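Participant: Residue numbers (numbering that gives the first Met the number 0), protein chains in the order written: chain B, 0 to 256; chain Z, 0 to 247; chain F, 0 to 257. The beta carbon of each residue, even a glycine, is placed where N, CA and C say it ideally should be. Owing to the predicted nature of the structure, the values given are computational and were not obtained by experimental measurement.
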Amino acid sequence: MSDRKEKTFWAVVSLSLLTIVWFFASQMESMKTLLPNPVDVFKFLVAGAISPIGQHNIWGHILWSLSRVFVGYTLAAVCGIVIGSAMAWTKVGEAIIKPFYLLLRPIPSIAWIPLAILWFGIDEKSKYFIIFIGTLLIIMTNVYDGVRSVDKNLLGAARMLGAKENQLFFKVVLPSAVPQIFSGLQVGLGAAWATMVAAEMIRSSEGAGWIIIMGQNSVNMVQIYAGIILIGVVGLFLVTAMRFLEAKLCAWNIRGK
Amino acid sequence: MFLKIDNINKTFTSEAGNNEVLKNVHFDIKENEFVVIFGPGQCGKSTLLNIIAGLEKESSGNVYLEDKKVTKPGPDRAVVYQNILLFPWLTVMGNVEFGPKSRGIKKSIRQKDAQEYIDLVGLNGFEKSFPVKLSGGMKQRVGIARAYCSKPKVMLMDEPFGALDAQTRYLMQEEVVRISAHEKRTVLFVTNNIEEAIYLADRIIVMTNCPSTIQKEYVIDLPRPRDYTSEEFLRLRQEISSIVEFTR
Amino acid sequence: MKRLKINKFRVISAVTLCVFVLVWYLVTAVFGLFPKTMLPSPDSVFFSFIKKLTSTVPDGGTLFEHIFASLVVALTGYVIGVGVGLPVGISMAWFRPVDHFVRPVFDFLRTIPGIAWIPIFTVWLGIGLSAKAAIIFVGVFVGTVVNVYSGIKQTNEVHIWVAQIFGASKIEILKRVAIPSALPYIFTGLRVSLGMAWLGLIAAELLAAQKGLGYMIQVARNFGRSDLVIVGMITIGIMGALLTLALEFVERRVVKGI
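1) Beta-carbon within less than 7 Å of F136/F's beta-carbon, same chain only, minus the 5 sequence neighbours each way: which residues are those?
2) Are any of the Cβ atoms in chain B nearer than 8 Å to that of G73/Z?
3) Cβ closer than 7 Å: which chain F residues qualify as neighbours of T90/B?
4) Let me know the secondary structure DSSP gives L200/F once reduced to three states.
5) Report yes if the CB atom of P174/B is closer than 8 Å to the CB atom of A240/F, and no otherwise.
6) Can you tell me which residues form a DSSP beta bridge with D157/Z?
7) Could you round the C-beta distance between V176/F and P57/F to whole angstroms and report it? I think they count as a contact, below 8 Å.
8) Is it right to say G113/F is buried, meaning 16 or more other beta carbons lie within 10 angstroms of its own, or is it exposed?
9) For N221/F, which residues in the same chain have their Cβ closer than 7 Å to its Cβ, ignoring the five residues on either side in sequence?
10) Near V175/Z, what residues of its chain come up, given a Cβ to Cβ distance below 7 Å and the 5 sequence neighbours on each side ignored?
11) Which residues share a DSSP beta bridge with D5/Z?
12) At the level of alpha carbons, what is the spacing between A151/B and E195/Z?
13) In the DSSP assignment, find the unbroken alpha helix (DSSP H) run with E205/B in it and report its ends.
14) On a Cα-Cα basis, can you pick out the residue from G150/F, L173/F, S149/F and Y148/F that is closest to W160/F?
15) Note the first and the last residue of the continuous alpha helix (DSSP H) segment covering E216/Z.
16) For P51/B, which residues in the same chain have their Cβ closer than 8 Å to its Cβ, ignoring the five residues on either side in sequence?
17) What residues from chain Z crowd round V209/B, counting only those whose CB sits closer than 7 Å?
18) Would you be able to state if there are at least three C-beta pairs under 8 Å between the region 146-153 of chain F and the region 80-94 of chain F?
19) Would you verify that the beta carbon of F11/Z is, or is not, closer than 8 Å to some beta carbon of chain B?
20) Check whether the region 17-29 of chain Z and the region 224-233 of chain B are in contact - that is, three or more C-beta pairs closer than 8 Å.
21) Quick one: does W9/B have its CB under 8 Å from some CB of chain F?
22) Looking at F140/F: is its Cβ nearer than 8 Å to the Cβ of G84/F?
23) Taking only runs that begin and end inside the region 92-159 of chain B, name each unbroken alpha helix (DSSP H) of 4 or more residues, in chain order.
24) Tell me which residues share the same chain as S12/F and place their Cβ nearer than 7 Å to its Cβ, disregarding the 5 neighbours each side in the sequence.
25) What did DSSP end up calling S13/Z once you bin it into helix, strand or coil?
26) Kindly indicate which residue of E64/F, A202/F and K169/F has the alpha-carbon position closest to the one of A132/F.
27) Ordered along the chain, which non-local residues of its own chain (more than five positions away) have a Cβ less than 6 Å from that of E156/F?
28) If you follow the beta strand (DSSP E) that V78/Z is in, where does it begin and where does it stop?
29) Tell me, please, whether the CB atom of G161/B is closer than 8 Å to any CB atom in chain Z?
30) Using C-beta distances below 8 Å, list every residue in its chain close to L170/Z, excluding the 5 sequence neighbours before and after it, in chain order.
31) Determine the chain B residues that contact G161/Z at a beta-carbon separation under 8 Å, and present them in chain order.
32) Within the 8 Å Cβ cut-off, does Q215/B reach chain F?
33) Using DSSP with H/G/I as helix, E/B as strand and the rest coil, what is L16/B?
34) For the alpha helix (DSSP H) that F33/Z lies in, which residues bound it at each end?
35) From the beta carbon of L206/F, is the nearest beta carbon of chain B less than 8 Å away?
36) Given that R3/B touches chain Z, what residues does it touch there, using C-beta distances under 8 Å?
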């Protein structure tokens, strides 16, 4: 517990120090155009929480971004677990799916953006798709590794206790892969958030990425910095929420503690 | 005959050559008999148990349980492993009720049953604990309860206490005697510890090392609980030790 | 027997791929179910690829020129990112005061994707090589620090004790015990960062560039040239895979002895 207090203390100290350095740097003549005053950025964020920037206030933008991540990510998680399992647990599944997996994996999610726009236009569907495809391969990789690394002796133990072959997957393989699947879901969420920012920066009329790109278009450094901080804070929140969920669901695992 | 091991041979074939581990192994076990297979070295004993469990295939010979040939694993033969192999994502209760649950037995019935075995092995109060929180001895108690709870006809115990420290090992031996007096079962117990063999067995089958064959059998009719230091115990120990060749 | 089985699954893989290409061909070239701007036929992708090797239409560069431009940017950002990330990660893990001060800032910064920095870097550095390299730098830096940090932190305590008993100084223990034992993690970091570099590069080129693979697919999209978009994506995938292979080759050379 005191370890945690110490950590919080140092976090406060170092982040305050960073803000102070930032403040004094922004006061220098040569930095004026590059670095806005942190107080202005803070004011902008507070004002944005109440009155709208563009069409929505900050909460509205965050909600838009989160809803995009939610749709793409949920789809990717479900498909990733199903397809990854099929690829890892059945030989035929592996033979069918793996070639496509190997072909698609080295293509970064962002490289899909132009094709997604050609396919789905510039509305929500193309953003869902980009987030989906970027997250899918990450989750699939982890599900595949997790399912493959199931302890063969545990399977033997389950058989000897009378589990039938068709019960093995759901009663032994999948639960034993949960920690690894979870780490995939975690990394995937971070990637989904980053991809969302990219997608919004390239084409959108709202969202956290839009705030940044609008700041650039209107040469408003304060808004750019505010947008970046917003993205960081929400990202941090997502990561923490995921860790909390893991600790709840994987209590049996050392990693979960 | 209840359990018949009929002339089993087993050879592992690999690129490095053939490795003969079991040779003409042939014996019978009566119902509710506690048989210990004792022998030095790593060779053959566990393989024999796996063949009886149906987890490995013999090269030749047959295993019959109540005159039915054994071909695959089944809940009539439960195994207690040295490395225990609990399901880490299940609680103690979840592990013990795994077998009955797989067979679709109703929750109220199987949990009542499982509770009895958890009590029997002395883990009352730990039903909701996960294996990661338990000590080695406690884990093996769960392993034993889990095996009993699937109501096997034969218990196969593969050096179950091999990974425990000496003190816990003695304690667990006493526990096995107490539990098997309470729950009569046919037990086939593999060990390389001579004291453990004499302490537990109705009958000891001494096996040689690589390829394993049956060297000699001893019927142990000392009254239970047995005393490690009694004259009779020490005499048996001396005698069995003298015929076993320990390879270096 | 076993050999036969492996072949059976190979055959399934091959058949699946062939069926995929065939269906693709049928729905595009034969039945024309999709407009050309959405989904090109597989043969047109192939011919576009061949043509793009020498043609500069419509984006002003041949495929090789784009590849070269992308590689220069990606590797510049990567080398600097690793060069800075390694010492930062190591000192964060090894010296407590550094850990206290830098870690919270780092933990916050790492949740900001490299792409989000693009507007700031373009203001600071223009839209030339250095801005794009800086975007890549962010991703690479984060990926390197995270892995190096956890690698050094996981140094076996016993090894450190042994070194202390033999009278090694703190710096010596770091050099001779902690870093060598963290090498596998460090290489994981290098590999993860390479992926990040490639991703950041494409993002940067989509937003601000006049050359490079990301720019090429962006222009192709503007012209509705879906065939060129796919050529670009495949090239991006292949180049990414090749870079990873090269790094794995180096890793096998270096980590062998440990």
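Facilitator: Checking against the coordinates, here is how it stands:
1) Walking along the third sequence from the start, residue 136/F turns up at place 137. Result list for F136/F: G76, I79 and G80, in chain order.
2) By one-based count along the second sequence, residue 73/Z stands at place 74. G73/Z counts as touching chain B.
3) For the purposes of this step, residue 90/B is identified with residue 91 of the first sequence, where counting begins at 1. Inspection of the sequence shows that residue 90/B is occupied by Lys rather than by Thr. Simply F8.
4) On the third sequence, residue 200/F is found 201 positions in, with the first residue counted as 1. The DSSP-derived three-state label of L200/F is helix.
5) Mapped onto the first sequence, residue 174/B falls at position 175. Mapped onto the third sequence, residue 240/F falls at position 241. When the beta-carbon positions are compared, P174/B and A240/F stay at least 8 Å from each other.
6) Along the second sequence, one-based indexing puts residue 157/Z at 158. Bridge partners of D157/Z: V189/Z.
7) Locating residue 176/F in the third sequence gives position 177, counting from the first residue. Locating residue 57/F in the third sequence gives position 58, counting from the first residue. Between P57/F and V176/F the Cβ distance is about 57 Å, and since that is not below 8 Å, they are no contact.
8) Sequence index remark: in the third sequence, residue 113/F carries index 114 (1-based). Under this definition G113/F is a buried residue.
9) Within the third sequence, the letter at position 222 stands for residue 221/F. Nothing meets the Cβ criterion.
10) As a position in the second sequence, residue 175/Z is number 176, starting the count at 1. The residues are L199.
11) Taking the second sequence and counting its residues from 1, the one referred to as residue 5/Z is at position 6. According to DSSP, D5/Z bridges with N61/Z.
12) Taking the first sequence and counting its residues from 1, one reaches residue 151/B at position 152. Taking the second sequence and counting its residues from 1, one reaches residue 195/Z at position 196. A small fix is needed here, since residue 151/B is Lys in this sequence, not Ala. If you take the alpha carbons of K151/B and E195/Z, they lie about 29 Å apart.
13) Taking the first residue of the first sequence as position 1, residue 205/B is located at position 206. Premise fails: E205/B is in no alpha helix (DSSP H) and is neither H nor E.
14) Here the question's residue 160/F lines up with position 161 in the third sequence. Ranking the options by Cα distance to W160/F, first place goes to L173/F.
15) As a position in the second sequence, residue 216/Z is number 217, starting the count at 1. E216/Z -> not in any alpha helix (DSSP H); beta strand (DSSP E) instead, spanning I213 to V218.
16) To locate residue 51/B, count along the first sequence from 1; it is residue 52. Within the same chain, P51/B has close Cβ partners G59.
17) Counted from its first residue, the first sequence places residue 209/B at position 210. Reading off the sequence, residue 209/B comes out as Trp, not Val. Correct list: empty, because the minimum Cβ distance to chain Z is about 42 Å.
18) yes
19) Translated into positions along the second sequence, residue 11/Z becomes position 12. Output row for F11/Z: interface = no.
20) no
21) For the purposes of this step, residue 9/B is taken as the residue at position 10 of the first sequence. By this cut-off, W9/B is an interface position.
22) Counting from 1 along the third sequence, the entry for residue 140/F is found at position 141. Counting from 1 along the third sequence, the entry for residue 84/F is found at position 85. Yes, the pair counts as a contact, with Cβ atoms nearer than the cut-off.
23) 112-119, 123-147 and 151-159
24) Sequence index remark: in the third sequence, residue 12/F carries index 13 (1-based). Counting only Cβ-Cβ distances below 7 Å, and skipping sequence neighbours, we find nothing.
25) Numbered from 1 along the second sequence, position 14 holds the residue referred to as residue 13/Z. Three-state DSSP puts S13/Z in a strand.
26) Mapped onto the third sequence, residue 132/F falls at position 133. Nearest of E64/F, A202/F and K169/F to A132/F, Cα basis: A202/F.
27) For the purposes of this step, residue 156/F is identified with residue 157 of the third sequence, where counting begins at 1. Around E156/F: no qualifying Cβ.
28) Locating residue 78/Z in the second sequence gives position 79, counting from the first residue. Residues R76 to V79.
29) Indexing the first sequence from 1 puts residue 161/B at position 162. Residue-level contact check: G161/B touches chain Z, since one or more beta carbons of chain Z fall below 8 Å from its beta carbon.
30) The residue labelled residue 170/Z in the question sits at position 171 within the second sequence. Correct list, in chain order: G136.
31) As a position in the second sequence, residue 161/Z is number 162, starting the count at 1. Here the premise fails: no neighbours, minimum Cβ distance about 15 Å.
32) Locating residue 215/B in the first sequence gives position 216, where the first residue counts as 1. For Q215/B, the answer is yes, since a Cβ of chain F falls inside 8 Å of its Cβ.
33) Here residue 16/B refers to the residue found at position 17 of the first sequence. When DSSP states are grouped into helix, strand and coil, L16/B belongs to the helix group.
34) By 1-based counting over the second sequence, the position of residue 33/Z is 34. First-last for F33/Z: F33 to F37, but that is the beta strand (DSSP E), not the alpha helix (DSSP H).
35) For this step, residue 206/F is matched to residue 207 along the third sequence. Cβ-Cβ to chain B under 8 Å: yes for L206/F.
36) For the purposes of this step, residue 3/B is identified with residue 4 of the first sequence, where counting begins at 1. Within 8 Å Cβ-Cβ: nothing; R3/B doesn't reach chain Z, min ~22 Å.
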